[in-house]
Ligand SMILES: [Zn+2]
């Protein structure tokens, strides 16, 4: 079965965007009652009551107890509905896929690894994965399954994405950005997640949402040219890109040139973890290059947080080099409250994010059902 993901639809102003804002306020914990929602959105209480009643009817919002209000009658506490649902998610690599069950709010269970031999073609790789996801659905209750989320390495054309499973698909860096954002404090509304593995990628969260850019390529810092890379050829066809001096693949090349026996990024990480001086030096230098490119982006974007994910982020000298370049290269106003840290979800960030995309897609679909009745 081949399914094309639907073209993204702009919500028309009116009921649909209001319902969306109400769900956002409940999801982020900024509001828990109709009164608070009306106040925050500057809307008439009757309008909010009407929108909330629609969302209640469709199970997108639920009532949960009451809170007393000063001088008034108790107010009903609202929460997101459907929070007993789940998504199944897979993060696809070259030989393996990480799979798991993702819950609203970022919970993750049943994490495991299945073979995914991409070199043998999708016909060979997909059945094993599909079977595993089917098992999850059966074990956790098919009626509660909200969707399937897939994280793919490299850029994904979301508008015309084609996949052989009905699924929400995103590139790995975007999945990691959304996964980590989901579990971080709600006041971190702007963040950059950098995936530092064999390749480099970044995902951007702006005002609490994934920012894709005009053609879906936002965050492609890997092809920023850096002076030190001179004319080293890059996978993109250009020369001198950040990827050619700061990625895991670049570190393998650099250390091999220096006579070390490394074949994969994992070998570099193992050497650096064992405090091999040559590997540690190279890793620190890679962190500096990444930090320099990031500094320009952090100055421009002024995020609340920069999260580092991917296997190189497990190396302290790498993280320290990125951090010091950011402090050196950014304006103090930008770094004053800037959080720079390893992704708290570690290797699970992408899986959680892929699941969140599936859950969000299900929510958007349900929302359309709510508002579609009134705005045909
Ligand atoms: Zn390039």
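Numbering (my numbering), first residue to last: 3 to 378. Using N, Cα and C, we set each Cβ at its ideal position, and we do this for glycine too. As the structure is a computational prediction, the values presented were derived from the model and not from experiment.
Strand pairing of residue i, partner residues [DSSP]
i, result
"residue 338", "Paired residue(s): none; residue 338 is not in a bridge."
"residue 213", "206"
"residue 173", "154"
"residue 149", "89"
"residue 311", "197"
"residue 102", "91"
"residue 243", "227"
"residue 319", "The partner list for residue 319 (beta bridge, DSSP) is empty, contrary to what the question assumes."
"residue 65", "80"
"residue 344", "310"
"residue 117", "98"
"residue 235", "241"
"residue 110", "104"
Outcome for residue i when other beta-carbon atoms lying within 10 angstroms are tallied against a minimum of 16
i, result
"residue 186", "buried"
"residue 146", "exposed"
"residue 243", "buried"
"residue 263", "exposed"
"residue 164", "With a pLDDT of only 47 at residue 164, under 50, the local geometry of the prediction cannot be trusted, and no value is derived from it."
"residue 265", "exposed"
"residue 174", "buried"
"residue 19", "exposed"
"residue 330", "exposed"
"residue 10", "Residue confidence for residue 10 is low, a pLDDT of 41 falling below 50, so the modelled location carries little weight; the figure read from the coordinates is stated next. Result: exposed."
"residue 314", "buried"
"residue 41", "exposed"
"residue 88", "buried"
"residue 149", "buried"
"residue 259", "exposed"
"residue 21", "buried"
"residue 239", "exposed"
"residue 214", "buried"
"residue 188", "exposed"
"residue 54", "buried"
Cut-off 6 Å between Cβ atoms - residues of its own chain near residue i, not counting five sequence neighbours on either side
i, result
"residue 348", "none"
"residue 91", "102, 104, 151, 353, 356 and 357"
"residue 66", "79 and 81"
"residue 35", "77"
"residue 56", "372"
"residue 1", "Because residue 1 is not part of the residues shown, which for the chain are 3 to 378, the question remains open."
"residue 319", "282, 285 and 286"
"residue 235", "241"
"residue 308", "194 and 342"
"residue 207", "179, 183 and 193"
"residue 190", "306 and 307"
"residue 383", "No statement about residue 383 is possible, as the shown extent of the chain runs from 3 to 378 and does not include it."
Check: residue i C-beta below 7 Å from any heavy atom of ligand 1
i, result
"residue 240", "yes"
"residue 237", "yes"
"residue 332", "no"
"residue 225", "yes"
"residue 343", "no"
"residue 229", "no"
"residue 243", "yes"
Nearest-angstrom Cβ-Cβ length linking residue i and residue j, presumed shorter than 8 Å
i, j, result
"residue 311", "residue 134", "In fact, because the Cβ distance is near 24 Å, the residues do not count as touching under 8 Å."
"residue 250", "residue 316", "With a Cβ gap of about 11 Å, residue 250 and residue 316 do not count as contacting."
"residue 253", "residue 270", "5 Å"
"residue 131", "residue 350", "So it is not a contact: roughly 18 Å between Cβ atoms."
"residue 336", "residue 300", "6 Å"
Cutoff 7 Å; reference residue i; Cβ partners in own chain excluding five residues on either side
i, result
"residue 362", "none"
"residue 139", "90 and 147"
"residue 368", "60 and 62"
"residue 86", "146"
"residue 142", "88 and 103"
Same chain, Cβ closer than 8 Å to residue i, five either side skipped, listed in chain order
i, result
"residue 184", "107, 108, 354, 355 and 358"
"residue 388", "It is not possible to answer for residue 388, since the shown part of the chain is limited to 3 through 378."
"residue 154", "94, 171, 172, 173 and 174"
"residue 23", "43"
"residue 294", "228, 327 and 331"
"residue 30", "188 and 210"
Distance cut-off 7 Å: residue i Cβ against heavy atoms of ligand 3
i, result
"residue 280", "Inclusion of ligand 3 in the displayed structure is not the case, the ligand content consisting of ligand 1 alone."
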